[in-house]
Ligand code: IMP
Ligand code: ZN
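Numbering (my numbering), first residue to last: 334 to 674.
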């Protein structure tokens, strides 16, 4: 509770638009999965609570990505752990007062479990459908991510899966992964294919200096993305372009950027401060990877209020404005309007 504003950020209905499934799994949930696998002699991995001690959130771009490739993906490697972790992530968001969630994930084959990428997406969607009974107020959609290291064929596969599963709640494609890797211009044809199919587009944008060359940012802007994630290393010219593209969503992730030292300085130096009043873009505070950086969405709002001194009506107005950036249809927008007004 923030007494001076009479706001309880946990019970305030919130929209989360930038959350990576595997990065949103709590350490407790990873530990439970590890315990079950250990008991069934199905894993040699170390306890996740030792690999990622509770309270450690200072992962930077060098230590962050290997957490997935060398640990989390080896633990979440079959249908039951994927289902269990997806439901746990949804439950955690619901308990934090999130009423609309766009979860994103990179389709990943699990060969030892006999699961191809389509099976992976199907399992995640089934878990989302099942979770609805326990947390009816939270509505979840899915975004499929292309990884910057993907080949054109692999990226095309992600778009094909997004098209295939559209009627079960896949709304968009994302481009993510290690910003020091890959050349995004490779993906132009598949992004255009996704757009032509009616899918929405959200892109990790200028997250690190390595992914903020003028050429890369101009390529991405030419894709006419509906939303951009992070938006850190941007020139004044790019900022103007963004501001002039009416209604573009900006998914800003404060704790992630501060803990991973992606920005210079701390919360008060975050570019949220420069964007939230700008006319045109729709700024939406997001968690990115709450399992790693440890700050639930309610805490991101608390940090925003604390560091940028927003008034009660400004907080509530900004939260509602986020409805304009969601990828679901009019019915969902209407439901959110009713919940948030
Ligand atoms: P998944 O796609 O559900 O497996 O979620 C984890 C994946 O999301 C990681 O392997 C990264 O590719 C991607 N990811 C998570 N956080 C970030 C980020 O801040 N920047 C870029 N990619 C990210
Ligand atoms: Zn991200």
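Beta carbons are placed, not taken as given, at the ideal position from N, Cα and C, and that holds for glycine.
Distance check for residue j and residue i, CA to CA, integer angstroms please.
i, j, result
"residue 353", "residue 623", "9 angstroms"
"residue 373", "residue 420", "21 angstroms"
"residue 451", "residue 440", "7 angstroms"
"residue 541", "residue 604", "14 angstroms"
"residue 504", "residue 578", "21 angstroms"
"residue 413", "residue 523", "31 angstroms"
"residue 365", "residue 384", "14 angstroms"
"residue 608", "residue 415", "36 angstroms"
"residue 627", "residue 389", "8 angstroms"
"residue 474", "residue 661", "8 angstroms"
"residue 674", "residue 471", "16 angstroms"
"residue 636", "residue 426", "18 angstroms"
"residue 423", "residue 590", "23 angstroms"
"residue 401", "residue 499", "27 angstroms"
"residue 448", "residue 600", "41 angstroms"
"residue 572", "residue 375", "50 angstroms"
"residue 576", "residue 453", "37 angstroms"
"residue 559", "residue 535", "6 angstroms"
"residue 652", "residue 350", "12 angstroms"
"residue 519", "residue 403", "26 angstroms"
"residue 570", "residue 341", "38 angstroms"
"residue 598", "residue 527", "37 angstroms"
"residue 656", "residue 533", "15 angstroms"
"residue 521", "residue 556", "7 angstroms"
"residue 484", "residue 525", "16 angstroms"
"residue 371", "residue 408", "11 angstroms"
"residue 516", "residue 545", "11 angstroms"
"residue 581", "residue 539", "15 angstroms"
"residue 625", "residue 664", "33 angstroms"
"residue 548", "residue 554", "10 angstroms"
"residue 551", "residue 466", "43 angstroms"
"residue 335", "residue 356", "28 angstroms"
"residue 348", "residue 434", "6 angstroms"
"residue 494", "residue 654", "30 angstroms"
Below 8 angstroms on the Cβ atoms is my contact criterion, and I expect residue i with residue j to pass it. Report the Cβ-Cβ distance as a whole number of Å.
i, j, result
"residue 502", "residue 561", "In fact, because the Cβ distance is near 22 angstroms, the residues do not count as touching under 8 angstroms."
"residue 659", "residue 670", "That belief does not hold up - the Cβ atoms of residue 659 and residue 670 are roughly 11 angstroms apart, past 8 angstroms."
"residue 641", "residue 606", "5 angstroms"
"residue 411", "residue 369", "The pair is not a contact, with the Cβ atoms about 11 angstroms apart (cut-off 8 angstroms)."
"residue 630", "residue 431", "6 angstroms"
"residue 592", "residue 392", "7 angstroms"
"residue 537", "residue 563", "6 angstroms"
"residue 672", "residue 346", "5 angstroms"
"residue 506", "residue 491", "6 angstroms"
Is residue i near ligand 1, with its Cβ less than 7 angstroms from a heavy atom?
i, result
"residue 426", "no"
"residue 633", "no"
"residue 438", "yes"
"residue 484", "no"
"residue 362", "no"
"residue 619", "no"
"residue 410", "no"
"residue 480", "yes"
"residue 356", "yes"
"residue 540", "yes"
"residue 560", "no"
"residue 398", "yes"
"residue 520", "no"
"residue 605", "no"
"residue 459", "no"
"residue 401", "yes"
"residue 501", "no"
"residue 610", "no"
"residue 441", "yes"
Subject >> Chain-ordered list of residues that sit, by beta carbon, closer than 6 angstroms to a heavy atom of ligand 2 >> reply: This criterion selects 351, 353, 509, 537, 562, 621.
**OP:** Would you check if there are 3 or more beta carbon pairs closer than 8 angstroms linking the stretch 371-380 to the stretch 641-659?
**Re:** Judged by Cβ distances under 8 angstroms, the stretch 371-380 makes no contact with the stretch 641-659, as fewer than three pairs qualify.
Original post:
Below 8 angstroms, can you find three or more Cβ-Cβ pairs linking the stretch 506-520 to the stretch 478-493?
Top reply: The stretch 506-520 makes contact with the stretch 478-493: 3 or more CB pairs, one atom from each, lie closer than 8 angstroms.
Original post:
Can at least three beta-carbon pairs, one atom from the stretch 611-618 and one from the stretch 578-587, be found at a separation below 8 angstroms?
Top reply: In the pairwise beta carbon analysis, the stretch 611-618 is classified as touching the stretch 578-587: at least three pairs are separated by under 8 angstroms.
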